[in-house]
């Protein structure tokens, strides 16, 4: 969708298919002989709830981005508006395939996402790429970084790239990511690629919000999985050995066989679906169409068995209870009395001067007072 | 330690080394010509806190068993006494090796525990065998079952076998098991074998209360691990292929090699320790001394690195916070208002008529009112 008004003011030499990130604009000049005062636009346009909801539904990129910013805001005023907007768009959500993508640094996640995204867009899909990083206070993703990494993809009109939300509690970031998925779905994106940026808990978090979970690997010395957090292989619906090109192709094939062997020992991540290892090359494009074929097969099988729908419902319930439990814990651990006494109790526990049972009782009594 | 009073009243024909489960007693008769009224003992002796604590410390089996019963009781009066007893014995706890043992049904866990237990006792150790079954409301362990399964071991004076606590919440059962470990340690048992009886969560629960975690397997069709819950291999400090005897020996060796290969792909369960697969036979006794040797090596290495002590401290803190968080959740989910409205909210969530965020807010507001 293109903004005609915007286009009019672009210089003639703008790159073909330049996306909204192409910020150079020709400023409307004054008429000859009639000097005009150009007021710098210092105030962002004010939107009402309806503006947000309608803007998202007609895939207005500016409003889409601002809605997500609203969701990510920590201000309670913004959050209240965001919740109202989400309520309006709720009937238009859920109609995408949500795909989680994780992998060790250096596995070529970004190039793979770019290759897959471009392939999908070529085949008529609308693709949103989101990043989830629950540990984001340390390793913040940056929009510049993401756009640079996925340069070609970011120029596509049918693509929307959004970096990880800024720091917050694990639950907070998760909540934001989940709501961002809903907003992108309401805006008409039918494939949502969710990349894990962080390490540790993030894979589990992403698994809890996607339909299909992909683990990207590379061929190496046979100890590849050592870098992967325990349990990540077990939650993957497919392992993908990337960089299977040139001299690396043979090595990738050996690694694929090894991973297949490892998968053999594990329960499938999704009932009724056999998680397998595959090779691909984001550079040559080999194996990319097969990924999409596999994911479609997955959707077909799990939809037939009813698991697809059931998992989504479970995720929705789980999300609710996760939020509640996080809030309950917060109210305890952030209670001034608990904050004050906790170091002392911890010390006693570490020195084995007090029973855990006694410690728990003391803290709970203090909290309930 | 033998109770002399008890022994006096045993019949001459009692089996050698009969344990306390050998219940036949010679009843003190009346003197000739002087008929005596024998009052049936209908009331158990009443113990004070000091009696319990002292009884446990001098390894009085009757008091030990009754203290554990007290710990397992759901009555708040009993729990208060239990906590006092635990406080007294706390300085005498912690001096054992806590070993968790799990495995698929049919792997021969019980015979292995018996073989290992007998070996340890022969080498001067005092062994307590406990069972943990967090799912015990369904698959209750029974003392008869356990004693029957470990017949020889149960006859040893330096052994104490206690079945899984009766049903309760997961956290409740865990709490009881942890406290039972402490009581057994105070009673002088220097090796505690904790068998998981349940399935699912129980392995993780047991891992959180032991120093060393052993996974017992058997050789089969190559798909052995399919029956094992995801992630169990990853928390094991050693895999043991049992029943490596007779015709099965070769198959067991092949399985061992396969498991070793699988372990190769995983991070070690304990930093600084390489989890390996081994074979053994509980029937021939082959490989049993090597298990103990390995566990001692483990203790040596992890004690030197400081991880042994650190894990215990972490477990103690974790236990405290687990209890607190369970209590917080309980107070929410058992709140009358929440119980009343939850089915309705769940239904709305499943029908996607409400956002998880909204559902969580509504429930929390109701709870805090």
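Chains as they are written, first to last, in the numbering used here: chain A, 114 to 482; chain B, 114 to 482. Built from N, CA and C at the ideal position, the CB exists for glycine as well.
Query                                                                                                                                      : Result
Whole-angstrom C-beta distance between residue 213 of chain A and residue 294 of chain A, which should lie under 8 Å                       : Their Cβ separation, rounded to whole angstroms, is 11 Å, which puts residue 294 of chain A and residue 213 of chain A out of contact at 8 Å.
Counted within 10 angstroms of its Cβ, other Cβ atoms place residue 363 of chain A as buried (16 or more) or exposed                       : exposed
Residue 445 of chain B at chain A interface by Cβ criterion, 8 Å                                                                           : yes
Proximity test, Cβ basis, 8 Å: residue 432 of chain A and chain B                                                                          : yes
Residue burial classification, residue 193 of chain A (beta-carbon count within 10 angstroms, cutoff 16)                                   : exposed
Collapsed DSSP secondary structure at residue 337 of chain A in the structure displayed                                                    : The predicted position of residue 337 of chain A is uncertain, since its pLDDT is 48 and thus under 50; a value taken from the coordinates is nonetheless stated next. Three-state DSSP puts residue 337 of chain A in a helix.
The ligand GDP heavy atom lying under 7 Å from the CB of residue 205 of chain B                                                            : This structure does not include the ligand GDP; it has no bound ligands of any sort.
Opening and closing residue of the beta strand (DSSP E) in which residue 237 of chain A lies                                               : Careful: residue 237 of chain A lies outside any beta strand (DSSP E) and carries neither H nor E.
At least 3 beta-carbon pairs within less than 8 Å: the region 352-368 of chain A vs the region 384-398 of chain A                          : yes
Closer than 8 Å to chain B by CB, residue 276 of chain A                                                                                   : no
Per-residue burial, residue 469 of chain A [other beta carbons within 10 Å of its own, 16 or more giving buried]                           : buried
Sub-8 Å separation of residue 296 of chain B and residue 169 of chain B beta-carbons                                                       : yes
Local Cβ density within 10 Å of residue 437 of chain B, reported as buried at 16 or more and exposed below that                            : buried
Reduced DSSP category for residue 330 of chain A - H, G, I as helix; E, B as strand; rest coil                                             : strand
Segment contact, 8 Å Cβ cut-off, at least three pairs: the region 367-378 of chain B with the region 399-410 of chain B                    : no
Cβ neighbours of residue 481 of chain A in the same chain (closer than 7 Å, five flanking residues each side left out)                     : none
Secondary structure, beta strand (DSSP E): runs of 3+ residues fully inside the region 386-455 of chain A                                  : 389-392
Residues near residue 258 of chain A by beta carbon distance below 6 Å, same chain, minus five either side                                 : Low confidence applies to residue 258 of chain A: its pLDDT is 46, below 50, so where it sits in the model is not reliable, and the reading given next is rough at best. Answer for residue 258 of chain A: no residue qualifies.
Any 3 or more C-beta pairs closer than 8 Å across the region 457-474 of chain B and the region 196-208 of chain A                          : yes
Distance between beta carbons of residue 427 of chain A and residue 322 of chain A, contact taken as under 8 Å                             : That pair is no contact at about 12 Å.
Cβ-based neighbour list, residue 368 of chain B, same chain, cut-off 6 Å, excluding 5 preceding and 5 following                            : 332 and 354
Within-8 Å CB hit, residue 360 of chain A to chain B                                                                                       : no
Beta carbon proximity, residue 454 of chain A to chain B, threshold 8 Å                                                                    : no
For residue 509 of chain A, three-class secondary structure by DSSP                                                                        : Coverage of chain A is limited to positions 114 through 482, which leaves residue 509 of chain A absent and any answer about it impossible.
Burial state of residue 288 of chain B (16 or more Cβ within 10 Å)                                                                         : buried
Residue ranges of each alpha helix (DSSP H) within the region 348-392 of chain A, 4 or longer                                              : 362-377
Minimum Cβ-Cβ distance from residue 207 of chain B to chain A less than 8 Å                                                                : yes
Identity of the residue in B:267, B:440, B:164 and B:358 nearest residue 400 of chain B by Cα                                              : B:358
is_contact[residue 322 of chain A, chain B] using C-beta, thresh 8 Å                                                                       : no
Cut-off 6 Å between Cβ atoms - residues of its own chain near residue 325 of chain A, not counting five sequence neighbours on either side : 212, 350, 408 and 411
Residues that residue 429 of chain A contacts on chain B, provided the C-beta gap is smaller than 7 Å                                      : 462 and 469
Residue burial classification, residue 230 of chain B (beta-carbon count within 10 angstroms, cutoff 16)                                   : buried
Nearest residue (CA-CA) to residue 237 of chain B, options B:223, B:271, B:265 and B:220                                                   : B:271
Distance between residue 380 of chain A and residue 219 of chain A (C-alpha atoms, nearest Å)                                              : 27 Å
Cβ of residue 196 of chain A within 8 Å of any chain B Cβ                                                                                  : yes
Residues sharing a beta bridge with residue 308 of chain B, DSSP                                                                           : B:214 and B:244
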